[in-house]
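Residue numbers (my numbering): 1466 to 1503.
All residues carry an ideal CB built from backbone N, CA and C; glycine is no exception.
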Amino acid sequence: MSDACELRVEGLHASYGDVPVLDDVTLQVNAGEVVSVV
């Protein structure tokens, strides 16, 4: 398995209506990894 970065997200913000649920999230997913945000 490789450690090569397949996906990188920086500064992610998300909300439900006026309620923020993610604020400035950064994550990196390498090849072969499975990631979830709960």
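Let me know the secondary structure DSSP gives residue 1490 once reduced to three states. strand
Can you tell me which residues form a DSSP beta bridge with residue 1474? 1492
Per-residue DSSP class, three states only, for residue 1499: coil
Distance check for residue 1480 and residue 1473, CA to CA, integer angstroms please. 20 Å
Excluding five sequence neighbours on each side, which residues of the same chain lie with their C-beta closer than 6 Å to the C-beta of residue 1491? 1475
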